[in-house]
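>
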Amino acid sequence: MRLDVLLRYPGDPHRVAQLLADPAVLDQLLEASDALSHEVAVEGGPEGRFVVTVDRVLPTDELPDVARRFVGASMRLRQVDTWEAPAADGSRSGTTELQVPGAPVSATATTALRPVRTGVVPGRGVHTEHSVSGTLTASVPLLGGRIERAAEEPVVRALRDQEREIAQLLG
3 MRLDVLLRYP GDPHRVAQLL ADPAVLDQLL EASDALSHEV AVEGGPEGRF
53 VVTVDRVLPT DELPDVARRF VGASMRLRQV DTWEAPAADG SRSGTTELQV
103 PGAPVSATAT TALRPVRTGV VPGRGVHTEH SVSGTLTASV PLLGGRIERA
153 AEEPVVRALR DQEREIAQLL G
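All residue numbers in the sequence shown are consecutive under this note's numbering, ending with 173.
Pasting the structure below:
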């Protein structure tokens, strides 16, 4: 299933990348989510290439029965975000991989942060667009599409929650 989401942040891409690479901020984002537990690891930093690995345990009570049969009362989700070094304008590209260990569900996406000028004064009135474009896959004969549709809503909700929390931090 195709997944395309555009997030907007009221700050430049460098500041957004600083937040996305900060373990304390990531902990705060995860604590505000419905994760039952989580672990965060960051390699590198926002000045260059960085990789964020998040392992979290999520409740499955909102998933349809067909999906819950594969994962149980909770599911472990591993997310690896790899961000390349920034370009001169602060934009950067990356990838996101999601895996549900023990379940035939995964997602891969390309991601990008890009500055969007909203004012006429150079360096002022810049916000960031964060695009996420990828594929969510459930490799289950006959049921894959139903599981993918069920997984789409929590993935998009998590991205929108991140957008809201980061926007507040940039405030």
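C-beta atoms are modelled at their ideal positions from N, C-alpha and C, and glycine is treated no differently. Fair warning: this is a prediction, and the values are worked out from it, not measured in the lab.
Taking its Cβ as the centre, do 16 or more other Cβ atoms sit within 10 Å of Thr112, making it buried, or is it exposed?
exposed
> Please report the distance separating the alpha-carbon of Asp63 from that of Asp91.
43 Å
> Any heavy atom of the ligand PLP within a distance shorter than 7 Å of the CB on Leu145?
Ligands are entirely absent from the displayed structure, and the ligand PLP is therefore not among its contents.
> Would you kindly work out how many angstroms separate the C-alpha atoms of Ala75 and Leu31, rounded to a whole number?
One Cα belongs to Ala75, the other to Leu31, and the distance between them is close to 23 Å.
> What's the C-alpha gap between Leu21 and Ser141?
34 Å
> According to DSSP, what are the bridge partners of Glu131?
According to DSSP, Glu131 bridges with Arg10, Arg116.
> Indicate whether Glu167 and Ala34 have their beta-carbon atoms separated by less than 8 Å.
At a Cβ-Cβ threshold of 8 Å, Glu167 and Ala34 count as neighbours.
> With a 10 Å radius around its C-beta and 16 neighbouring C-beta atoms as the bar for buried, classify Asp6 as buried or exposed.
exposed
> For Gly104, tell me which candidate among Arg70, His129, Ser93 has the shortest Cα-Cα distance.
Arg70
> Thinking just about the alpha-carbon of each residue, which of Gly47, Gly173, Leu9, Val42 is nearest to the one in Leu79?
Val42
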